[in-house]
Amino acid sequence: MLEVKLHDIGEGMTEGEIVHYLVSEGDTVTVDQPLVEVQTDKMVAELPSPGQGTVKEILIPVGETVKVGTTLLYIEGEGANPTPKTSPEAPTQTVTKESQTFQTKINRVLATPHTRKVARDNGIDIEQVPAKDPSGRVMEEDVYEYMNGQNEPKNEPTLTPSQPDEIPFRGIRKQIAQKMTQSLYTIPHVTHFDEVNMTALYNLRKTLKHDGISISIPAFFIKALTYALKDYPVFNAELDEENEKILLKKDYHIGLATDTENGLIVPVLKHADQKTLQTLHHEVKQLNEKTKAGELDLKDAQGSTFTVSNVGPLGSTGATPIINYPETGLLAFHKTKKVPVINDADEITIGYMMNLSMSFDHRVADGATAVAFTNRFIELIENPNKLMLEMI
Numbered sequence: 001m002l003e004v005k006l007h008d009i010g011e012g013m014t015e016g017e018i019v020h021y022l023v024s025e026g027d028t029v030t031v032d033q034p035l036v037e038v039q040t041d042k043m044v045a046e047l048p049s050p051g052q053g054t055v056k057e058i059l060i061p062v063g064e065t066v067k068v069g070t071t072l073l074y075i076e077g078e079g080a081n082p083t084p085k086t087s088p089e090a091p092t093q094t095v096t097k098e099s100q101t102f103q104t105k106i107n108r109v110l111a112t113p114h115t116r117k118v119a120r121d122n123g124i125d126i127e128q129v130p131a132k133d134p135s136g137r138v139m140e141e142d143v144y145e146y147m148n149g150q151n152e153p154k155n156e157p158t159l160t161p162s163q164p165d166e167i168p169f170r171g172i173r174k175q176i177a178q179k180m181t182q183s184l185y186t187i188p189h190v191t192h193f194d195e196v197n198m199t200a201l202y203n204l205r206k207t208l209k210h211d212g213i214s215i216s217i218p219a220f221f222i223k224a225l226t227y228a229l230k231d232y233p234v235f236n237a238e239l240d241e242e243n244e245k246i247l248l249k250k251d252y253h254i255g256l257a258t259d260t261e262n263g264l265i266v267p268v269l270k271h272a273d274q275k276t277l278q279t280l281h282h283e284v285k286q287l288n289e290k291t292k293a294g295e296l297d298l299k300d301a302q303g304s305t306f307t308v309s310n311v312g313p314l315g316s317t318g319a320t321p322i323i324n325y326p327e328t329g330l331l332a333f334h335k336t337k338k339v340p341v342i343n344d345a346d347e348i349t350i351g352y353m354m355n356l357s358m359s360f361d362h363r364v365a366d367g368a369t370a371v372a373f374t375n376r377f378i379e380l381i382e383n384p385n386k387l388m389l390e391m392i
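At position 55 of the sequence shown (counting the first as 1) the number is 55 in the UniProt record's numbering, and the numbers step up by one without a gap.
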């Protein structure tokens, strides 16, 4: 007696639904004749007969979902004596022998059991029948048209898989990857988002420019940043985990994240707190030019205590920047937009608003501290007269 069990027909299936039996009890079957259609989570598959004989008993009704290994039906081999149920050894040997040659046939073509039966009854391999339906399902009429020669199989051109282009992963790109990975998997990052009304600062720049004084926006940002860092020194710091200390830096060396053809480079503007706005303006310009030209000295790319990223000119409106390890914070400036704003007189006017994002190390500071820090920065940018007074 042969047992036909539900086998794993691919990709680690654990169960299947009995869709349709292709034979009935008493039918004579041959080796590899399809017996039953089973629906898995991906396809409909036919289970073939493991041997020749007569279908003795169908155990599982249509519509039932059963586990892999469940016996679906029994086949009594031709000329074989029925094996008493009290003798489990003989069928075990027979099943073991037959299972060595058992192979499940998987139907990759979508089709209903009825359509498959029409194809089998007419000696048609349904795998060769082209499907007209957009879903790719073979219909009964497709089978008949194929039989009449209306849809002859077409020789498909051989498609050669394309190969990806390769970019060497080394040099600056690899160094950036290593440092970003170190930072992201060492520091618990949190990002605080806020916005700055740039209108007053824009008006001040126009006034200065009218008087022949040109000072860039980044110079104002850096100057305001140094005052905010002095008020909240935990962001101009480094965490020494080994000695369990937070090292508050006394120097204010601002890293300027700069996009170049070779990747992200961070030149460092040293002692930013001790320099005038005009000096900051000229040094930022010089460092940017040297960085993009690949002429940056090693000493000009070391020792930063806090880093800024000015991605506004690129059109960025928000980001979650990765901290320049081992620093404890990074402030990113985003795109400035002209928008309606309400002034102090409750009038709607046109103003200039900029988004900023502040990533910080949650081990050394809490969210409230980060908000207070950005509020201090925003206060000085939105009220540039206060910034000027700080410089006196």
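Think of the CB as a built atom: it goes at the ideal place given N, C-alpha and C, for glycine as much as any other residue.
{"Asked": "Tell me which residue opens and which closes the alpha helix (DSSP H) that residue 382 is part of.", "Found": "367-382"}
{"Asked": "Please identify the residue among 148, 237 and 267 whose C-alpha is closest to the C-alpha of residue 302.", "Found": "267"}
{"Asked": "For a test of the three-state rule: what should DSSP assign to residue 206, helix, strand or coil?", "Found": "helix"}
{"Asked": "On the three-state DSSP scale, how would you describe residue 309?", "Found": "strand"}
{"Asked": "Mapping DSSP to helix, strand and coil, what is residue 288?", "Found": "helix"}
{"Asked": "Leaving out five residues before and five after residue 252 in sequence, what residues of the same chain have Cβ atoms less than 7 Å from its Cβ?", "Found": "226, 229, 236, 271, 272, 273 and 305"}
{"Asked": "Under a three-way DSSP split, which group does residue 74 fall into?", "Found": "strand"}
{"Asked": "Decide if residue 37 is buried, meaning its Cβ has at least 16 other Cβ atoms within 10 Å, or exposed.", "Found": "buried"}
{"Asked": "Classify residue 320 as buried or exposed, calling it buried when 16 or more other Cβ atoms lie within 10 Å of its own Cβ.", "Found": "exposed"}
{"Asked": "Helix, strand or coil for residue 183 per DSSP?", "Found": "helix"}
{"Asked": "Could you check what DSSP says for residue 21 in three-state terms: helix, strand or coil?", "Found": "strand"}
{"Asked": "Are at least three pairs of beta-carbons, each pair with one atom in the segment 201-214 and one in the segment 232-249, less than 8 Å apart?", "Found": "no"}
{"Asked": "Quick one: Cα of residue 389 to Cα of residue 198, how far?", "Found": "18 Å"}
{"Asked": "What number of angstroms, rounded off, separates the C-alpha of residue 246 from the C-alpha of residue 374?", "Found": "21 Å"}
{"Asked": "Ends of the beta strand (DSSP E) at residue 57?", "Found": "53-58"}
{"Asked": "Using a Cβ-Cβ cutoff of less than 8 Å, which residues in the same chain neighbour residue 240 once the five nearest sequence positions on both sides are dropped?", "Found": "246 and 247"}
{"Asked": "Evaluate contact between the segment 351-363 and the segment 186-206, counting only Cβ atoms and requiring at least three cross-stretch pairs below 8 Å.", "Found": "yes"}
{"Asked": "In its own chain, which residues sit with a C-beta less than 7 Å from the C-beta of residue 200, not counting the 5 before and 5 after it?", "Found": "382, 383 and 384"}
{"Asked": "By Cβ distance below 6 Å, which residues in the same chain neighbour residue 339 in space, the five residues on each side in sequence not counted?", "Found": "353"}
{"Asked": "For residue 198, which of helix, strand or coil comes out of DSSP?", "Found": "coil"}
{"Asked": "So, for residue 209: in the same chain, excluding its five sequence neighbours on each side, which residues have a beta-carbon less than 8 Å away from its beta-carbon?", "Found": "none"}
{"Asked": "Please report how far the alpha carbon of residue 259 lies from the alpha carbon of residue 218, in whole angstroms.", "Found": "15 Å"}
{"Asked": "Assign residue 122 to buried or exposed, taking buried as 16 or more other Cβ atoms, counted over all protein chains shown, within 10 Å of its Cβ.", "Found": "exposed"}
{"Asked": "Nearest CA to the CA of residue 315: which residue from 333, 308 and 205?", "Found": "333"}
{"Asked": "Throw me the rounded Cβ distance for the residue 288 and residue 307 pair, which I believe falls under 8 Å.", "Found": "Wrong, their Cβ atoms sit about 14 Å apart, outside the cutoff."}
{"Asked": "Between 13, 264 and 55, which lies nearest to residue 311 when the distance is taken from Cα to Cα?", "Found": "264"}
{"Asked": "Rounding to the nearest angstrom, what Cα-Cα distance links residue 26 and residue 77 in this structure?", "Found": "12 Å"}
{"Asked": "State buried or exposed for residue 100, treating a residue as buried only when at least 16 other CB atoms are found within 10 Å of its CB.", "Found": "Any answer about residue 100 is weak, because its pLDDT of 39 lies below 50 and its placement is not dependable; what the coordinates show is given next. Residue 100 is exposed by the Cβ-count criterion."}
{"Asked": "May I ask which residues mark the beginning and end of the alpha helix (DSSP H) holding residue 314?", "Found": "Unbroken run through residue 314: none, as it is neither H nor E."}
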